[in-house]
Structures are given as C-alpha cells and as structure tokens.
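Notes follow once the structure below has been shown.
2 protein chains.
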Amino acid sequence: MKLVILGGGFGGLRLARLLNNKPGIEITLIDRFNYHQFQPLFYQVATAALDASNISFPLRKAFHNSKNVRIRMAEVERIDTAAKQVITNEDSYAYDYLVIATGASTNFFGNKNLEQHAFPMKSTVEALQLRHKLIQNFEDALHANDATELQRLMNIVVVGGGPTGVELSGAVAEMKKYVLPKDYPELDFSKMNIYLLEGTGKTLAAMSERSSNNSLNYLQRLGVTVKTNALLQDYNGEQVTLKDGTIIPSKLVIWAAGIRGNIPAGIDPSLIARGNRIKVDAFNFVQGMNNVFAIGDIAYMENEAFPNGHPQVAPVAIQQATLLAKNLLHLRKGEKAVAFQYNDKGAMATVGRNLAVVDMPIPIAIGTKLHFGGFFAWLIWMGLHLMLILGVKNRFFVFVNWLYNYVTYDQSLRLIFKEFYRKEEAKS
Amino acid sequence: MKLVILGGGFGGLRLARLLNNKPGIEITLIDRFNYHQFQPLFYQVATAALDASNISFPLRKAFHNSKNVRIRMAEVERIDTAAKQVITNEDSYAYDYLVIATGASTNFFGNKNLEQHAFPMKSTVEALQLRHKLIQNFEDALHANDATELQRLMNIVVVGGGPTGVELSGAVAEMKKYVLPKDYPELDFSKMNIYLLEGTGKTLAAMSERSSNNSLNYLQRLGVTVKTNALLQDYNGEQVTLKDGTIIPSKLVIWAAGIRGNIPAGIDPSLIARGNRIKVDAFNFVQGMNNVFAIGDIAYMENEAFPNGHPQVAPVAIQQATLLAKNLLHLRKGEKAVAFQYNDKGAMATVGRNLAVVDMPIPIAIGTKLHFGGFFAWLIWMGLHLMLILGVKNRFFVFVNWLYNYVTYDQSLRLIFKEFYRKEEAKS
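So the sequence lines, in the order shown, correspond to chains A and B. Letter 405 of the first sequence, counting from 1, is numbered 405 in the UniProt record's numbering, and no numbers are missing. Letter 363 of the second sequence, counting from 1, is numbered 363 in the UniProt record's numbering, and no numbers are missing.
Written out as structure tokens, the structure is:
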C-alpha cells in the first residue's frame, strides 16, 4: 500500500510515526520544510525567549532506521485524484491512499494592505522574522527623526484576542517591563504601547467565562491596552485605522485574527467548507472519496457536537491521526473503520510569568470543567508543553531556557540574524 | 572623552568592556550586527552541531546598566578624520578618539566567479547559509536527474588548509560517517567525496611540523581527500578547475583560503598594508595619527618578531584591546603609553571526535613549544573554547550540545530556516 502524507505537522507526523515500520505500507511524507514545527511556542521564538531550533524537530531524524517512511522536502503543486498522483515542484508521487494534513495559514481576508504590511506568525520562519522586526524597530527608534516616527516605532499592535494574540501581547509586555529598558536606556519606555485588538467582546472567547475574564485581567495587569469590539479597517504600514475611526500609529502590526486551510490545488471546490477547509466524513475520508483523507486543521468534520466543524487545535489533529492510523490498518485487513469522536481535554493559555488560564474537563462529571488561573495554571501549562515537545534535547533546552528566563527576567536571544537569501538564491 | 569603537568582535568588545563605567569616557560601540560573534565555532554552526545563538552574544546585554557605553547597530559608511566624525548609514558620530576594530572578511582575490558561487564562512549568518546549502544539496540529490548531477551534489570542496578549512572538512567528514546515511538512506554515501584543497605543501602550515602532520593524518583517517599544492583556477558553480587542469564536479565550494581587512572608507591609501590592513605603530595608533587606533585583524603592526605583521587571530585582538584600554587611561592622566608585545599562547585546531592538535609554548623554556594531538588535545581544545565563549547560558548550551553530539554521534540541528527577506524588506 502506497501512502502519501502531505504535511509533517501534529497530524501528519503522528500518523507517519504510528505507521512507522508497519509491514506492507510504503509511506512518503512530504513537507515544504525539513522539520516539524511546534506551533504553540511560536510566540516565544518571536519574543526571543526560545531558539527556533528548540521547537523544531528534523523530520528525517524522527525516521532514522525506518524501513518504510521516506521524507521529501517539496512544495505540493497539485493533486491529481483521477491519476492518484501528487505533483510537487520536484517529483510526482503515486499513491494508493493520500492523507492531506497541510494545516492552515494566516487569513488576511483578502486585505492586500494587511497582507503586505502586517506580520503573520504561522510558521517558525515567520516567528523569526517577527523577532527580527520587533528588535529592529527599537534599533531604528534610536535614530528616529521626530516624535511621530518614534511613537510609530514604539507602538505594537496585536490583532486577534485568541490564544496566539493573548500569549504574544503578554510576552511583549514582559519584554517592555523587564528587558527592553535595559537594552535601550536611551528610550523612554513609558511611551511604548502594546495594543491588543479583538473583534468580539472578550479575549479567549473560546474558553470559559472565568478564564476569559482572567486573561483580560492579567493582560491589563501587565500593561497591555486591550480593545474589545475593535475591528480593524486598514493598515498602511504606518498606522492602523479601526472601523470606528480610531487611528493608532504603529510600524509593527501582528495579525493573529484568522486562519484558512492550505488546500492543495486539485480539490473540487464543492468540497471546500468555511475556513477554506475540506469536508470530511466521520472517518476523515474526503467526502465522496474512498482513498483520500484529510486530518487536522485542514479537515472540516461536522457532527452534532460540532455543527461548525471541530476546533483547529493540535489535539484534534493528533487524535484524528491516531484514529486514522488504526483505521488504515483495519482497512488493510478488511475490518470495519471506527468513527472519530473528539475527546476534549480542555484548553489553556499563558499570559506571563505565573499567569495562565486553564479549562480542564472533569472526567467523572461529564460536561463540567475545572477552571483555574495564576501560578498553578502556569505550572500546568509549562509541564504539558514540555511533555508535548518532540525530542529529549529540545525538551531539555526549552526547560533550561525557561528556567533561565524566569530566574534572570531576561530572554537573551535578542539576535537579528538577517539572512541575505538573494545572495543564496543567486548561488543555487 | 568621546571614544567611538567600530566593531564588536574580540578586540572592540573587549575594549568596551574594560572601559565600561570608567568615569570621563563616553563610548559608542558601532557594529552592523547586534551581537558579538564567536568566530572559532562558525564551522560547528555550519555543520549543524551548534545553534547560531549559542555562539552569539547580544551586545546590548553585555552593557546592561552601563553608564557610559552606548551601542549603535549601523553600517559605517566612512570616516572623516579631519572633522573627527564617523558617518554611518544612520547617523554621524563625533569622536575624540576612534578605534577601528572592524576585523577581516573573505578575500576572493578579485575572482568574480568565486565570489558569486563559492560560500564564505566569516560571519554567523554566512555559517547559517552554508548549513542550509549543505543540507539542501542532499535534499536535491534525492531528485537528481542523472549520475553527473548526483555527483555534483554529493561532492564538497573546501579550499584552504588553515584551521577553518581543516576543522570544517573534518566536521563534514563526520557528518558523512555518522549521520547523513541515516538521514538519507536512499543515497549511496560511498559516492560522497570531501576535498580539502591547500595551495602550499601542508595543512595547518602555521603550526608546528608535528601538528601539521597530525592534522593531515587525522583528515585522511576521516576520509577527507586532501590535495596539497593544489591551486584553484576557477569555479563556475558546477565544477572546480585546478591550475593543473584537474576538474572536480561540485555544487558546494567553501572558500576559506584568504581574508582581507574591512577598511572603512576615509583611510588614506598610503596607510594600507598587505592583506588590506591599516598600518599601526607599537601603540596601535594608526601611523601618523594621534587620535585614531586600529586593533586586531584590521591592524598591521610590524616589528622584529613579526616582520609581516601579527597573526590575524583572536588572542592578538584581545591583547591589543587590553593594552589599549590601559593606554587610553594612561593618556587621560598624561602618563606614558606602553608598547604592544604579543604573548603567543600557542595554537590549536580540532579535526574530529577525539582528534585535535595543540602547540603550546612552555613558559620555563622560551622559544620551545609543546606539541600534542589526539584525545588529550581535543579535551584542551574544548575546555579552552568553552572558557572563551561569552555568557554563562551560551557556555552551558554549547557544552550540552557537545555532550549530546558526542554521545549520540548526531548533530541534530539539521534545520533549513529559509528566511524570505524579500518579503521582510518589502515590509520595512
């Protein structure tokens, strides 16, 4: 059985690992990067608390000595479902079964200005670019010609009050509090403003009332200016205009207010659902197909509990991959497949030192959740993320970095590694 | 006293640290990067054994709470010695005293082809670019159309048998031996060749006969094809042509066969000596000037012991900076300055696991040196480099990475973080 998996994220990588060295299955795992990205910690790479390598795991290393998994680093150009082929910028790959696990990327909702000027944070490289820009703006502030330009350089606007926006603005607020004034004694950091814009009435709207309120409380305590019911109208690289006419001068806007599925070309438009996702049935079969699956953020699976599809979070991708691995083995033996059922293990977000929120279902009391915040939630958040990071060395380095940052109040990775890829490209 | 220091390398940074918080001296330290680079370990960044951050120290962090040192990240455009000003791409800086510590970069000796196609390794960013190219070539090898193309992708040519070339080719040979076959089981690594080309008759020619011989011996043991008396004629990106007509197909040539001083514009041509260095007297005063100094790789200081100038190595830069700090304090008090005398503490290079060479002068027997190689030399090499790296956390992370690499035979940082700076540039 030839199995091609598109994407080495939480879903694709988990599936390949579960089928690693299973006889009779030849797997090709295709990704445009040569590493797995641990998305939940992108914001810490962006705020110089972690190294990009700490949250990246080389895909090839995960399959050393594998008999049946082959990795290809390539961009998927299209899928030919009739010919059962994946066409990439490098080669074509024939499949018996195809799993689309291409995830999601930033949705600018068609706003070209936003796409050109705002920074997304949906990949490790984008997190690095954001880090560089964040630091470069303070370097530039030292040379600012006038007060207006200085203010633009010192204002940071984060758009989107979901976990990414909350975690990022909290981390930037801590940089402002603890480390930036030491780095730039010439600048007056009382002039630095961090805005978090959220279109709905609250931050972390998908979490419990209590966690949502806590997060707002924590953000304000850290000095983040949270604007709820704030809708962005436009951003021209110099200032943000809100729908209500408010203008915020800023040279750095981070857009964390929407994602859309990365649908490869060749998928019938009738199969595309809201959020640019692919409609799948309860077995993750793409609707109407018996040899193509979609899992994780790219999959749109509707059922009674989730009438608008499942949440686009890592646990769904991991659980779908785990079930799909079993179902593919069932399939080979002619056994019946099992339908997916999401086991919601709760949600959490961290805002800053000793400040996190956790919603956790109580196993013995179905339908109710435990909510807690503060230091204990923060410890749980850290422990769980450490467990989930791939690779013993990465786990250790993340732990040491966290310990170091906690003790010294200093994220020490404020390095601008500008890579001149024009030159590199000219050479390749 | 207004002191402007150009360059945060071994010399410039040492000088600024020694004068940190000294009353009456206002220091501006200008560098195009915002971090100090630990050059001796570039080759380990290039071969995925260390993170770029492990050998980079944020300049601003070195001067937290400093009363008199200010950092500026800028490109020096020229020096106006008449007006006593440094003009950068950002601002101009007036000085009473100027210290040029701009170091050296790769010398392609005017060969445009080489400059376009060969990879230099004289900065952290260049080491990262080299790492990416090294890995990308094996990814490309999986898609190679024919045997010739495959061979080009699997041959690596290192030019220059000094410490950089020896250490780099040794490290690549260990990747070939231990880790690449596991990453790319589809490729036949008996076809991978690592060439080290050296123009003179021996590798590490600046070291003792015994160390030089040892290094050759170790390289051959690791499977590096060392070609001495081999002069490169040209490189077109596809193949290397030697002066004797030999052709080596290769898509990756690393040029470590020459450096030239980074002389800022505004220095009188009559002051420029061999290697594009600035002539200085025994006090590191630029010849004929009484307020401009040059130290380290950029300085050309001739004396009886060094008729062709001092070696361009970190200890010279550090010792000149240390003396200059003292002399500047003498100067302020109207005391006499002390002439520079190089205290040669020896030289060392590592070729691979348990394989290094060390030449060390014996303090009680002037003019004689102790030479040793192998495991013991390797331990000394590691200990000394750990001591020299700036920052406790960096030291710790380098140590853990080395321990990990040693135990697992695996450098695990084979990550290609391509940063799309075109996009970033469009945004800034």
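Ideal placement from N, C-alpha and C gives every residue a C-beta, glycine not left out.
| Check | Outcome |
| --- | --- |
| Chain A contact residues for R395 (chain B), given Cβ-Cβ distances below 9 Å | Under the 9 Å cutoff, chain A gives no residues; its nearest Cβ is about 12 Å from R395 (chain B). |
| G11 (chain A): first and last residue of the uninterrupted alpha helix (DSSP H) it sits in | 10 to 18 |
| Nearest neighbour of P264 (chain A), chosen from A:A74, A:A48, A:I318 [CA to CA] | A:A74 |
| Sheet register partners of D31 (chain A) (DSSP bridge) | A:M73 |
| Contact list for the region 29 to 51 of chain A against chain B, Cβ threshold 8 Å | F33, N34, Y35, D51 |
| Contact check, M192 (chain B) vs K177 (chain B), beta carbons under 8 Å | no |
| Distance, I79 (chain A) Cα to V4 (chain A) Cα | 11 Å |
| Any non-hydrogen atom of the ligand ATP within 7 Å of N155 (chain B) CB | Among the components of this structure there are no ligands whatsoever, and the ligand ATP is therefore not found. |
| Chain B within 8 Å of T124 (chain A), Cβ atoms only | yes |
| CA-to-CA distance, F372 (chain B) to H132 (chain A), given in whole angstroms | 44 Å |
| Assigned secondary structure, H64 (chain B) (DSSP; H/G/I helix, E/B strand, else coil) | coil |
| Other residues of its chain near S428 (chain B): CB distance less than 8 Å, five sequence neighbours each side excluded | The predicted position of S428 (chain B) is uncertain, since its pLDDT is 38 and thus under 50; no value can be drawn from it. |
| Cα-Cα separation, H36 (chain A) to T124 (chain A) | 10 Å |
| Residue-level contact to chain B via CB, F417 (chain A), 8 Å cutoff | yes |
| Contact set for A16 (chain A): own chain, Cβ-Cβ below 6 Å, skip 5 residues either direction | I5, I27, L29, V69 |
| Per-residue DSSP class, three states only, for H330 (chain A) | helix |
| Short Cβ contact (8 Å threshold) for I232 (chain B) with L196 (chain B) | Reading off the sequence shown, one finds Leu at residue 232 (chain B), where the question assumed Ile. Going by C-beta atoms, L232 (chain B) is not nearer than 8 Å to L196 (chain B). |
| Interface residues of chain B facing N65 (chain A) [CB-CB closer than 9 Å] | K182, P185 |
| Beta-carbon proximity check, L128 (chain A) vs V45 (chain A), cutoff 8 Å | yes |
| Test: Y409 (chain B) CB closer than 8 Å to a CB of chain A | no |
| Start-end ranges of the beta strand (DSSP E) lying completely within the region 158 to 233 of chain B, minimum 3 residues | 193 to 197, 225 to 227 |
| Cβ of L204 (chain A) within 8 Å of any chain B Cβ | no |
| Alpha carbon of L390 (chain A) to alpha carbon of D344 (chain A), nearest angstrom | 22 Å |
| G9 (chain A) at chain B interface by Cβ criterion, 8 Å | no |
| Selected residue, minimal CA-CA separation from D297 (chain B), among B:L50, B:R72, B:G275 | B:G275 |
| Interface residues of chain B facing E90 (chain A) [CB-CB closer than 7 Å] | H143 |
| 8 Å Cβ cutoff met for L130 (chain A) and D140 (chain A) | no |
| Per-residue burial, Q320 (chain B) [other beta carbons within 10 Å of its own, 16 or more giving buried] | buried |
| Cβ neighbour criterion (16 or more within 10 Å) applied to Y406 (chain A) | exposed |
| H117 (chain A) - DSSP class collapsed to helix/strand/coil | helix |
| Backbone secondary structure at V4 (chain B) - three-state DSSP | strand |
| Beta-carbon proximity list for F63 (chain A), same chain, < 6 Å, skipping 5 on both sides | V69 |
| Contact set between the region 15 to 28 of chain B and chain A, restricted to residues whose Cβ is under 7 Å from the partner | none |
| Cut-off 7 Å between Cβ atoms - residues of its own chain near Q287 (chain A), not counting five sequence neighbours on either side | L271, K279, V280, D281 |
| Rounded separation between E425 (chain A) and G161 (chain A) - CA only | Its pLDDT being 42, under 50, E425 (chain A) is placed unreliably in this model, and the coordinates cannot settle the point. |
| Within chain B, the residues that I135 (chain A) reaches when beta carbons sit closer than 8 Å | N34 |
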